[in-house]
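As numbered in our numbering, residues 19 to 109 make up the sequence shown, in order.
Working notes, structure below.
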Amino acid sequence: MSDLKKIKEEFLSKLRGNLNLSEINQIKSDLFGKNGLISLQFKKIGTIAESERKKFAFDINIIKGELQELINFKISEIENSEINEKLEKEK
19 MSDLKKIKEE
29 FLSKLRGNLN
39 LSEINQIKSD
49 LFGKNGLISL
59 QFKKIGTIAE
69 SERKKFAFDI
79 NIIKGELQEL
89 INFKISEIEN
99 SEINEKLEKE
109 K
């Protein structure tokens, strides 16, 4: 299994769990921060053979998009549940 697929599977399984906002932000940092796993994959593009470079970059972008979408969904889900809890308390 390639590094990209391992990263994707590992973080998809982590994101499927019951996480709080700080845990999700930590995952986001682990993936997309300055030395994050996805960021490091983008830095590898220059070392890959030119014939494979386009597919590698395409694959990284797909995985990045999927993970960002799931992270954003989880964050909005948590924020909505917090808002709903506050509204329930006010009733």
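All C-beta atoms, glycine included, are put in the ideal place defined by N, C-alpha and C.
Between the Cα of residue i and the Cα atoms of the options, which residue gives the shortest distance?
i, options, result
"Q44", "Q86, K107, S69", "Q86"
"S31", "K72, E84, A75, F76", "E84"
Excluding five sequence neighbours on each side, which residues of the same chain lie with their C-beta closer than 7 Å to the C-beta of residue i?
i, result
"F60", "I78"
For residue i, which residues from the same chain have a beta carbon less than 6 Å from its beta carbon, with the 5 sequence-adjacent residues on both sides left out?
i, result
"M19", "At M19 the pLDDT is 47, less than 50, meaning the model places this residue with poor confidence; the figure from the coordinates comes in the next sentence. Contacts found: none."
"L22", "D77, I81"
From what residue to what residue does the alpha helix (DSSP H) around residue i run?
i, result
"L119", "Summary: the structure shown does not reach residue 119, with the chain confined to residues 19 through 109, and so no result is reported for it."
"I42", "39-50"
"K107", "68-108"
"I56", "55-62"
Compute the beta-carbon to beta-carbon distance between residue i and residue j, rounded to the nearest angstrom, for a pair I have assumed lies under 8 Å.
i, j, result
"L49", "K92", "L49 to K92, Cβ: 13 Å. No contact."
"I89", "I42", "6 Å"
Counting beta carbon pairs with one atom in the stretch 25-41 and one in the stretch 64-76, are three or more of them shorter than 8 Å?
Of all C-beta pairs linking the stretch 64-76 to the stretch 25-41, fewer than three are shorter than 8 Å, placing the two stretches out of contact.
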